[in-house]
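Per full-length UniProt numbering, residue 1 is the first one in the sequence shown, and the count goes up by one each step.
Don't be surprised by glycine CBs; every beta carbon is placed ideally from N, CA and C.
Since we're looking at a predicted model, the values are computed, not measured.
Notes to accompany the following structure.
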Amino acid sequence: MDIRYIQSFVTTVECGSIAEAARRLDLTSAALAARVRALEEELGTPLVKRSGRSVKPTAAGLNILDSARSMLREERDLRAMATKELPVGELRLGTFVSALTTVLPPVLRKLYAEHPDLSVSVVSNASVELCRMVASGELDAAVVVEPQFAIPKTCEWRPLMDEPLVVVAPVDLADADPHELLRNQPFIRYDRTVWGGQLADRYLRDHGIRPHQRLEINGLMSIAVMIDHGLGVSLLPDWSALWSGGLSIARVPLPSKAPVRRIGFIWGVQSPHSHLARLFLEHAETVFRGHGNKPRIARR
């Protein structure tokens, strides 16, 4: 059974379109359709059905989908094990949203400068889900906010940088008392379903601060833009991208030791691609060595 036919089938189902799957695999639509038909003929049953411009799996297609994906993973793992001592292959990497713009670009730039043939497949998701995917083998590694649960024995975790909580306010309030800002200004709350928002909520409760909440939202940059428009203040991790967008916002440090959102790297130690994960980690540690261990107090 030709693994290329299986890949064509799986990609078609995941894309829901022959044309999109063909683009992803760098094939013509006719060539991809021919591969799927060849697999159907070999198995003796239709695997996909057209519905307008979209393509959906048949009952038989759904029955074999998980096994087909497993075959593709095993084929990739086999190739990885054959070249385990060489920095080549594809690293299946996860990252939470904020890290897409702050962690990945500088690390990948350094990584590709030394290993231009390395391929990285990136998935974005919440940190908790990414940790689960690494533990299950769906991903080789992930850049995540520090897990607040026990790391599985099949995984390792290494911190990369710290982001202390700071009050983010309009620039004309840069010299105000941070606690007074939180008490008296309209408050834009960082979503409490994510760890950074939970840290902020715990800080407010520990210090007896009851802010005048205006809204609650997930998305650090979205909150920063709202603050730039004068909609309120917030208590956020000191994410570097906040200060590079030209917004009229100020970083107001907390009066005592601030809670920290710790960013780090988790990888599967038994993954066939663990050598690639460690290579990524080495470059990340070089890039962020000394970063984030001390709160930054500069203001815009």
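- When DSSP states are grouped into helix, strand and coil, Ala174 belongs to the coil group.
- Taking the Cα of Thr154 as reference, the smallest distance to any Cα among Pro164, Cys131 and Gly264 is reached at Cys131.
- When Arg289, Ile18, Thr28 and Asp140 are compared, the shortest CA-CA separation from Ser51 is found for Ile18.
- Secondary structure of Trp157 (DSSP, three-state): strand.
- Nearest neighbour of Arg35 by Cα position, chosen from Ile3, Glu14 and Ile188, turns out to be Ile3.
- Between Thr28 and Ser240, the CB-CB gap reaches or exceeds 9 Å.
- Secondary structure at Ala150: coil, using DSSP grouped into helix, strand and coil.
- In its chain, beyond the 5 residues on either side, Leu93 have a beta carbon closer than 6 Å to the beta carbon of Val122.
- DSSP places Arg262 inside the beta strand (DSSP E), whose first and last residues are Val260 to Gly268.
- Between the region 130-150 and the region 268-277 there are three or more inter-stretch CB-CB distances shorter than 8 Å, so the stretches are counted as touching.
- Glu216 has Arg189 as its beta-bridge partners, per DSSP.
- A contact is defined here as three or more CB-CB pairs under 8 Å, and the region 203-217 meets this definition with respect to the region 174-185.
- In the DSSP assignment, Ala30 falls within the unbroken alpha helix (DSSP H) covering Ser29 to Leu43.
- For the 9 Å CB-CB criterion, Ser234 and Ala200 form a contact.
- Restricting attention to Leu47, Val120 and Ile64, the CA atom closest to the CA of Lys56 is found in Leu47.
- Below 8 Å, enough C-beta pairs join the region 161-177 and the region 242-256 to call them touching: three or more.
- Beta-bridge partners of Val233 (DSSP): Phe187.
- The distance from the Cβ of Ile6 to that of Leu72 is about 6 Å, consistent with a contact at the 8 Å cut-off.
- Where Val97 is concerned, there is no enclosing beta strand (DSSP E), because DSSP gives it neither an H nor an E.
- Taking a C-beta distance under 9 Å as the contact criterion, Gly232 and Arg158 do not qualify as a contact pair.
- Here the C-alpha atom of Pro211 lies approximately 7 Å from the C-alpha atom of Pro186.
- A distance of 9 Å or more separates the beta carbons of Gln198 and Arg189.
- Residue burial annotation: Ser70 is exposed, with fewer than 16 other C-beta atoms found within 10 angstroms of its C-beta.
- Under the DSSP assignment, Ile3 falls outside any beta strand (DSSP E), being part of the alpha helix (DSSP H) whose first and last residues are Ile3 to Cys15.
- CA-CA distance, Thr286 to Ala38, rounds to 48 Å.
- Under DSSP, Ala19 takes part in no beta bridge, so it has no partner.
- For Arg278, same chain residues with a beta-carbon under 8 Å away, outside a window of 5 residues either side, are Trp267 in chain order.
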